[in-house]
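Oh and the sequence shown: position 123 is 673 in my numbering, straight run, nothing missing.
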Amino acid sequence: MGFFFTGYNLTTVLAFVALVAALILLNEISRRSKAASILMYVVVPVVLFALIAFGVVGSPSSKTWFGNVKTLSALMGVWGFLLIRHTKLGSTKFAQFFPVAILGINIAEAVYRDIEVFLTYKEMVVDEANLVQLGGYWNLFNAAAGVLLLITMTGFTGIRVAKSPSRDMVWPDQVWFWILAYDVWNAAYCYNCISTRSMYSGMALLVSCTLAEVLCKRGVWLQHRAQTLALFGMFSLAVDYSSLPAFSIEASYRPAAWSALSIAAFVVNLAVFVYMLMQIKKTKRNPYTAELYTDSKAYQKNLSANGLAD
551 MGFFFTGYNL
561 TTVLAFVALV
571 AALILLNEIS
581 RRSKAASILM
591 YVVVPVVLFA
601 LIAFGVVGSP
611 SSKTWFGNVK
621 TLSALMGVWG
631 FLLIRHTKLG
641 STKFAQFFPV
651 AILGINIAEA
661 VYRDIEVFLT
671 YKEMVVDEAN
681 LVQLGGYWNL
691 FNAAAGVLLL
701 ITMTGFTGIR
711 VAKSPSRDMV
721 WPDQVWFWIL
731 AYDVWNAAYC
741 YNCISTRSMY
751 SGMALLVSCT
761 LAEVLCKRGV
771 WLQHRAQTLA
781 LFGMFSLAVD
791 YSSLPAFSIE
801 ASYRPAAWSA
811 LSIAAFVVNL
821 AVFVYMLMQI
831 KKTKRNPYTA
841 ELYTDSKAYQ
851 KNLSANGLAD
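Have a look at this one:
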């Protein structure tokens, strides 16, 4: 039995790899084509919600308000980013404040949920959504990590549209160490609060958007994140994947595993916070009105990848 997860075998590992590959591929197709984006994130959702309403398709998640709202919120993020990329809104304040607002709200909701789980579940139980829940000090460590993550969202006033055919939404100051801090925090959140499905709704999604950032296009991680999240949300509404043997990797439900991941999230985010303070002292820049990491190689690579370098 693994420390964090159980249920590994050739079939489940291949299914995980196939899911990640499909998310990266569909994300890349839609990133490169406005028509494909409209098809995947506007037409397909309308058809999907209609089919769910008439009972043609649907998973247990499609019958809950939470599953529908989470998918719709991810789609709203994608729609906003498409407006930034392909309309005049890309040259207005909307391009600077909509992305950070929707990301900040998402993080704040998760911080609230970690605290709620800590206060509500004093013993291990299976909740109404068929998720195993147990509150503990790990929730507080990860909630603190989420607060630090909110504070370290720097340089959003520098969000701009790439000078490339795909017209990606670029956040140059969102460099690799912040993305790493987000990934560890979000992995811990999923493990703490939706542990039964955390291998897929957590790990698979984080791997897919991070690999898309590394392998496909740098500097547009938030766009990758929103699109892969929306794609997976629609998949989870249409297909009861958790009932399929190929998707049977589950959390180990060990308090030691919950603790290790949440403490790691806190330590990584604290390190990013301390580094941010050091850079503020060094550069004398306000990270909420200007870009902070403009002197870093990571920032310069983000610009170069999108035709924005001087």
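Note that the Cβ used here is the ideal one computed from N, Cα and C, for glycine as well.
For clarity, every value in this text was computed on a predicted model and none was experimentally measured.
- Under the DSSP definition of a beta bridge, Ala801 partners with Phe555.
- The stretch 604-615 makes no contact with the stretch 647-664; the number of CB pairs closer than 8 Å stays below 3.
- Within the stretch 831-859, the complete alpha helix (DSSP H) runs of at least 4 residues fall at 847-854.
- If you draw a straight line from the Cα of Val594 to the Cα of Gly640, it comes to about 25 Å.
- The straight-line gap separating the alpha-carbon atoms of Ala801 and Gly857 is approximately 42 Å.
- Within its own chain, no residue has a Cβ closer than 6 Å to the Cβ of Phe644 once the five positions on either side in sequence are excluded.
- By alpha-carbon distance to Gly769, the top candidate from Phe566, Thr778, Trp629 and Trp726 is Trp726.
- Judged by pairs of C-beta atoms under 8 Å, the stretch 729-740 touches the stretch 808-826, as three or more such pairs exist.
- Taken in chain order, the stretch 660-717 contains no complete beta strand (DSSP E) segment of 3 residues or longer.
- In the three-state DSSP reduction, Val570 falls in the helix class (H, G or I).
- Taking the C-beta atoms as reference points, Leu684 is found nearer than 7 Å to Met674.
- The continuous alpha helix (DSSP H) containing Met626 extends over residues Trp615 to His636.
- Cβ neighbours of Ala738 within its own chain (closer than 6 Å, five residues either side excluded): Asn692, Leu811, Ser812 and Ala815.
- Closest in alpha carbon position to Ala712, among Val563, Lys620 and Arg581, is Arg581.
- In this model, Gln646 and Asp718 are separated by some 14 Å (Cα to Cα).
- Here the stretch 697-711 lies against the stretch 835-849, with 3 or more beta-carbon pairs under 8 Å apart.
- Here DSSP, grouped into helix, strand and coil, assigns Val764 to helix.
- The alpha-carbon separation between Cys740 and Val667 amounts to approximately 12 Å.
- Assigned with DSSP and collapsed to three states, Val817 falls in helix.
- Apart from the 5 residues on each side of it in sequence, Ile634 sits with its Cβ closer than 6 Å to the Cβ of Gly640, Ala645 and Met719 in its chain, given in chain order.
- The C-beta distance from Cys743 to Arg663 rounds to 5 Å, short enough to meet the 8 Å contact threshold.
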